[in-house]
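Step one of this worksheet: look at the structure below.
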Amino acid sequence: MDKLYVNEIRPDGDVSTVGLFYSRAEAENIVSQLLKVPGRDGSRYEIIEAVRHVLLQKESQRAQVEPKE
Amino acid sequence: MADPVLASMVHAMGMETARHYTAATPKVQAYRDSWVKLAPYRDGEVNPQRVAVNDPAQMAQQIKAKAMELGANMVGICRLQPHMIDLGEDVPHDFVIVACVAEDYEKVVHGANAVEEEAMRTYAKCTEIATALATYVRGMGYPARAHHNGASEVQAIPIFYQVGFGELGRHGSLINEKYGASFRPGFVTTDLPLSEDKPREFGVQDFCMNCNVCQLNCPGDAIPQDHVMTHGIKRWLIDLEKCYPYSRLRDEYCHLCVDVCPYNVKSHPETFKAFMKERKQVGYKTPKSW
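Residue numbers (our numbering), protein chains in the order written: chain E, 217 to 285; chain U, 4 to 293.
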């Protein structure tokens with residue numbers, strides 16, 4: 217099975233993980249339903265393969281704990 | 004089968020349905036039948052004589068007392084928000100009431116069938132409570148619909164969080180400080196004016212960052228080390244492809260991630276220690292401090 221994450225990107229740039237899905241069709245179906253939810257129409261959605269998603273998460277968590285120079 | 008992941012795995016194994024659902028003991032089957040039987044009564048006629056609500060806080064207290072009288076151990080109320088409703092469903096109500104029944108944790112030392120029967124007993128009790136509570140609210144002249152295992156359009160975890168029952172744990176269930184994750188819910192959505200409860204955090208997510216007992220005890224290795232973030236809340240997303248072979252595709256019930264959670268120790272210290280000793284004996288690691 218595929219492993220795909222769906223992320224929600226809000227207009228202010230905040231990125232949130234919606235969930236983990238096991239086929240592109242299922243992930244695309246979730247996105248199309250989310251776009252119909254009131255209050256979420258300003259958000260964009262991306263579908264990312266699991267391996268890439270984990271790398272991006274780790275990168276973002278590292279950036280949060282590393283001191284800024 | 005509504006779950007596409009489970010449907011695909013069942014199909015790949017050449018089965019018609021998941022073994023977990025066909026291997027029920029007579030008691031488990033009776034509980035499952037009970038919520039199917041009550042499903043037609045989750046909604047109904049609203050009393051045309053509406054009771055005036057001048058004080059939503061007082062009405063919330065009345066509703067909570069009624070739910071406790073019906074057998075709930077915890078009751079919470081919040082405004083019904085879009086993310087609490089199943090995608091594609093419409094629930095035209097302003098509030099949601101959640102009534103939970105605690106499982107008897109002592110069953111963990113009696114094996115998988117005892118744990119399953121207890122889980123189904125509490126689901127059946129929650130179904131009765133939600134159905135009776137919705138009828139009670141409609142009797143006061145306000146629309147109300149029960150949501151339970153027999154039929155539901157709401158999502159449990161965001162509602163639990165919003166009413167202050169606790170925080171999301173590494174095992175994917177919400178952890179309450181008194182009951183751990185050993186409780187089951189029934190819901191009522193309604194337009195009855197009610198005061199709202201608030202989210203309450205007491206360190207669960209930080210605790211789970213440093214605790215991996217559920218992860219170590221998961222027979223399918225389905226609980227991840229790393230979390231994702233959803234609107235500021237940490238979520239450890241369970242890998243269903245690894246979970247289902249143990250929780251859905253074999254006869255025996257699997258509830259281990261919830262049963263080994265150290266938050267059970269507060270309410271059942273001796274049983275928790277005895278159970279964890281058993282777990283260690285069968286080869287699953289436990290932290291040295293336990």
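Where a beta carbon is used, it is the ideal one built from N, C-alpha and C, also for glycine.
**Study point:** Member of G229(E), V222(E) and A266(E) whose CA lies at the smallest distance from the CA of L251(E)
**Key:** For L251(E), the nearest C-alpha among the options comes from V222(E).
Exercise for review: Measuring only between beta-carbons, confirm whether L251(E) sits less than 8 Å from chain U.
Suggested key: For L251(E), the answer is no, since every Cβ of chain U falls outside 8 Å of its Cβ.
**Study point:** Spatially closest choice to D93(U) from I80(U), T193(U) and R22(U), by CA coordinates
**Key:** Closest option to D93(U), Cα to Cα, is T193(U).
Check your understanding: Comparing the C-beta of P85(U) with each C-beta of chain E, is any distance below 8 Å?
Key -> Under the Cβ distance rule, P85(U) counts among the residues neighbouring chain E, one pair being separated by less than 8 Å.
**Study point:** Cross-strand partners of F186(U) (DSSP beta bridge)
**Key:** Paired residues: A105(U).
**Study point:** For G206(U) and A178(U), the rounded distance between their alpha carbons
**Key:** The sequence as given places Ile at residue 178(U); Ala does not occur at that position. Rounded to the nearest whole angstrom, the CA to CA distance from I178(U) to G206(U) is 10 Å.
Practice item. State the beta-bridge partners of M232(U) as determined by DSSP. Key: Note: M232(U) sits in a beta bridge opposite K237(U).
Point to revise | the stretch 125-136 of chain U / the stretch 164-173 of chain U touching (three or more Cβ pairs under 8 Å) | key: Inter-segment contact for the stretch 125-136 of chain U and the stretch 164-173 of chain U is absent: fewer than three beta-carbon pairs are separated by less than 8 Å.
**Study point:** Pairwise C-alpha distance: P227(U) and A184(U)
**Key:** Computed Cα separation, rounded: 18 Å.
Exercise for review: Would you mind sorting K67(U) into buried or exposed? The rule is 16 or more other CB atoms within 10 Å of its CB.
Suggested key: Result: buried.
**Study point:** Residue-chain proximity (V78(U), chain E), Cβ-Cβ < 8 Å
**Key:** Not closer than 8 Å to any Cβ of chain E, the Cβ of V78(U) fails to qualify, so no.
Point to revise | Alpha carbon of E285(E) to alpha carbon of E170(U), nearest angstrom | key: Here E285(E) scores only 49 on pLDDT, less than 50, and its place in the model is too uncertain to base an answer on.
Review point. How would you write the range of the alpha helix (DSSP H) that T233(E) sits in, first residue to last?
Key: Counting along the chain, T233(E) falls outside any alpha helix (DSSP H), though it belongs to the beta strand (DSSP E) covering V231 to F237.
Point to revise | DSSP state of Y266(U) mapped onto helix, strand, coil | key: Here Y266(U) sits in helix by DSSP.
Check your understanding: Going by the beta-carbon positions, is the gap between K110(U) and V118(U) smaller than 8 Å?
Key -> Yes.
Practice item. Indicate the three-state DSSP secondary structure (helix, strand or coil) for M62(U) in the structure shown. Key: DSSP places M62(U) in the helix class (H, G or I) of the three-state scheme.
Review point. Roughly how many angstroms separate the alpha carbons of A159(U) and R22(U), rounded to a whole number?
Key: In a straight line, the C-alpha of A159(U) is about 25 Å away from that of R22(U).
Check your understanding: Any beta-carbon of chain U closer than 8 Å to the one on P254(E)?
Key -> P254(E) counts as touching chain U.
**Study point:** Residue of A5(U), A26(U) and H14(U) minimising C-alpha distance to E255(U)
**Key:** In terms of CA proximity to E255(U), A26(U) leads the group A5(U), A26(U) and H14(U).
Review point. Which whole-angstrom value is the C-beta distance of M143(U) and R35(U), which I expect to be below 8 Å?
Key: Between M143(U) and R35(U), the beta carbon gap of about 31 Å keeps them out of contact (Cβ cut-off 8 Å).
Exercise for review: Between the Cα of A15(U) and those of V234(E), A266(E), I264(E) and M217(E), spot the shortest distance and give me the residue it belongs to.
Suggested key: The residue among V234(E), A266(E), I264(E) and M217(E) with its C-alpha nearest the C-alpha of A15(U) is M217(E).
Check your understanding: How about E242(E): is its C-beta nearer than 8 Å to some C-beta of chain B?
Key -> In the structure shown, chain B cannot be found, because the protein chains are E and U.
Exercise for review: State the Cα-Cα distance for the pair E297(U) and K219(E), rounded to the nearest angstrom.
Suggested key: Any answer about residue 297(U) is impossible in this case: the structure gives chain U only from 4 up to 293.
Review point. Between L259(U), R253(U), E19(U) and H150(U), which lies nearest to H96(U) when the distance is taken from Cα to Cα?
Key: It is H150(U) whose Cα lies nearest to the Cα of H96(U).
Practice item. Mind checking who E265(E) pairs with in its DSSP beta bridge? Key: The partner list for E265(E) (beta bridge, DSSP) reads L220(E).
Check your understanding: Is the distance from the Cβ of Q249(E) to the Cβ of G114(U) below 8 Å?
Key -> No, the Cβ-Cβ distance between Q249(E) and G114(U) is not below 8 Å.
Review point. Going by the beta-carbon positions, is the gap between C214(U) and V263(U) smaller than 8 Å?
Key: Not in contact: C214(U) and V263(U) (Cβ atoms no closer than 8 Å).
Point to revise | Close Cβ partners of P265(U) (< 7 Å) along its chain, the five nearest in sequence each way excluded | key: Around P265(U), the same chain offers C214 and V216 as residues with beta carbons nearer than 7 Å, after the five sequence neighbours per side are excluded.
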